[in-house]
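Engineer:
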Amino acid sequence: MNESEYTVALRLRENGNHTVTFGNNRSFLNAHSFRFDTAYLSEKPEDFIAVLTKIIIAEIPSGSSVHWLFCGHPVNPKLVSKLHEILARTYPSNYIVPEKPESFHAQSLAIRALNNRYPVNLRQNEFAHPNFQKRAGNRLIRACQMVIAAGLLLALISFGLTKTLNSKIDRLDTRVKELAHQMIPGSQISYPGLEVYEAEKALEEESGALHSFYELFDKSNTALINEILEQANLYHLSLASLSVGKGKLTVSGTASDWDNCQKYRDHLSKCGYSLSLNRRESLADSKVYFTITGHFGNAE
Numbered sequence: 024m025n026e027s028e029y030t031v032a033l034r035l036r037e038n039g040n041h042t043v044t045f046g047n048n049r050s051f052l053n054a055h056s057f058r059f060d061t062a063y064l065s066e067k068p069e070d071f072i073a074v075l076t077k078i079i080i081a082e083i084p085s086g087s088s089v090h091w092l093f094c095g096h097p098v099n100p101k102l103v104s105k106l107h108e109i110l111a112r113t114y115p116s117n118y119i120v121p122e123k124p125e126s127f128h129a130q131s132l133a134i135r136a137l138n139n140r141y142p143v144n145l146r147q148n149e150f151a152h153p154n155f156q157k158r159a160g161n162r163l164i165r166a167c168q169m170v171i172a173a174g175l176l177l178a179l180i181s182f183g184l185t186k187t188l189n190s191k192i193d194r195l196d197t198r199v200k201e202l203a204h205q206m207i208p209g210s211q212i213s214y215p216g217l218e219v220y221e222a223e224k225a226l227e228e229e230s231g232a233l234h235s236f237y238e239l240f241d242k243s244n245t246a247l248i249n250e251i252l253e254q255a256n257l258y259h260l261s262l263a264s265l266s267v268g269k270g271k272l273t274v275s276g277t278a279s280d281w282d283n284c285q286k287y288r289d290h291l292s293k294c295g296y297s298l299s300l301n302r303r304e305s306l307a308d309s310k311v312y313f314t315i316t317g318h319f320g321n322a323e
């Protein structure tokens, strides 16, 4: 018998408490008990097999060859044939009914015990043999020792990792303090984390004087200035002055058409500014002089 061939002994009992035992290559695998009313066994064999199949699926891979042993009481040849016919749809199999099906399990247990190749222990609780109890106690002690050893090993690993992490944190803290002193000579770092605050404070003080210079190269301002110049060219405007910064905008210049000033102002408003427009016509050169002023945000 190879590993893909299984032996399954199904013990039918008159009280409805049935047992199924699984073996493979002369090795015991598992045993299960399940309930199915014997009165309905002949009438509804498919229902019985449905309950049994749920157990079989957990023990035997699909497509494996199975040798069935039908035993117990009662064992009706016609019923056994019907049960095997249904089982063979899922598992390729053959079956036999032992000569004495009602005592098959008891005989099998006796043969196993007399063979002396496999240990059989039927003495439980207060009837258990002292040597068996001693071996069981030793196994428990060894299991506890292994758990304790594993716990100590984990504790040592945790301690080592903690020491390593603390050492790295100390080195990083020292490096941060060194960088803080390089950036802010003469600074006093009284507690961890203060170096960040001191560095930010120093950067704010230093950048205050350069804010106007940085603002000229701000990407958002550069894009806005390009938009202002492009739209001025589109509406045929000549700009005399342009001021952008700190959320404020001022544009002044001349236009050849009164309405173009309004269109220009409306377009700039789409950039997010609340703008006002002042216009006046010059009798001397027939040009429209305009000034657009406003701030970033909703109109007041």
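Take the sequence shown: its letters are residues 24 to 323, numbered as in our numbering. Think of the CB as a built atom: it goes at the ideal place given N, C-alpha and C, for glycine as much as any other residue. Because the structure is a prediction, the values reported are computed rather than measured.
Which residues mark the beginning and the end of the beta strand (DSSP E) in which F319 is found?
Structural biologist: Segment V311 to F319, the beta strand (DSSP E) holding F319.
Engineer: Could you check the C-alpha separation between H107 and N144 for me, to the nearest Å?
Structural biologist: Near 33 Å, if we compare the C-alpha coordinates of N144 and H107.
Engineer: Please report how far the alpha carbon of F150 lies from the alpha carbon of G160, in whole angstroms.
Structural biologist: So the two alpha carbons sit approximately 16 Å from each other.
Engineer: Does the stretch 63 to 72 come into contact with the stretch 83 to 92, if we say contact requires no fewer than three beta-carbon pairs (one atom in each stretch) closer than 8 Å?
Structural biologist: No, they do not touch.
Engineer: Taking the runs of the alpha helix (DSSP H) that are 4 residues or longer, which of them lie wholly in the stretch 60 to 85?
Structural biologist: Qualifying alpha helix (DSSP H) stretches, in chain order: 68 to 82.
Engineer: Is it the case that the Cβ atoms of L300 and G276 are separated by a distance below 7 Å?
Structural biologist: Contact flag unset, no.
Engineer: Contact check, L92 vs F45 under 8 Å by CB: the rounded distance?
Structural biologist: About 11 Å; that fails the 8 Å criterion.
Engineer: In angstroms with no decimal places, state the Cα-to-Cα distance between Y258 and R303.
Structural biologist: Rounded to whole angstroms, Y258 to R303 spans 17 Å at the Cα level.
Engineer: When you compare the CB positions of R288 and I315, do they come within less than 7 Å of one another, or not?
Structural biologist: Closer than 7 Å, so yes.
Engineer: Does the beta-carbon of R34 have 16 or more other beta-carbons within 10 angstroms, so that it is buried, or is it exposed?
Structural biologist: With 16 or more other Cβ atoms within 10 Å, it is buried.
Engineer: Would V98 and P68 be called neighbours here (beta carbons separated by less than 7 Å)?
Structural biologist: Result no, Cβ atoms of V98 and P68 do not sit closer than 7 Å.
Engineer: Would you check if the distance between the CB atom of L102 and the CB atom of S65 is smaller than 7 Å?
Structural biologist: Their beta carbons are under 7 Å apart, which means L102 touches S65 by this criterion.
Engineer: Are there 16 or more other CB atoms within 10 angstroms of the CB of L291, so buried, or fewer, so exposed?
Structural biologist: With 16 or more Cβ atoms within 10 Å of its Cβ, L291 is classed as buried.
Engineer: Under the three-state reduction of DSSP, which class applies to R36: helix, strand or coil?
Structural biologist: Looking at R36 - three-state DSSP - the assignment turns out to be strand.
Engineer: Excluding the five sequence neighbours on either side, which residues of its own chain have a C-beta within less than 8 Å of the C-beta of P100, listed in chain order?
Structural biologist: Only V120 meet the Cβ criterion.
Engineer: Which one of K186, N40 and S264 has the shortest CA to CA distance from F59?
Structural biologist: Of the listed residues, the one whose Cα sits closest to F59 is N40.
Engineer: Return helix, strand or coil for A263, following the three-state DSSP convention.
Structural biologist: The answer is strand: DSSP assigns A263 an E or B state.
Engineer: If I'm right that H90 touches S116 with Cβ under 8 Å, what's the distance once you round it to whole angstroms?
Structural biologist: About 7 Å separates the two Cβ atoms, so the contact holds.
Engineer: Taking the beta strand (DSSP E) that S297 belongs to, which residues open and close that run?
Structural biologist: Segment Y296 to E304, the beta strand (DSSP E) holding S297.
Engineer: Less than 8 Å between the CB atoms is what I'm expecting for L335 and C294, so what's the real figure, rounded?
Structural biologist: What the structure shows of the chain is the stretch from 24 to 323, and residue 335 is not part of that stretch, so it cannot be assessed.
Engineer: Identify which residue in V43, E201, V311 and A263 has its Cα closest to the Cα of T76.
Structural biologist: The option with the nearest alpha carbon to T76 is V43.
Engineer: Any idea what DSSP makes of A111, helix, strand or coil?
Structural biologist: Here A111 sits in coil by DSSP.
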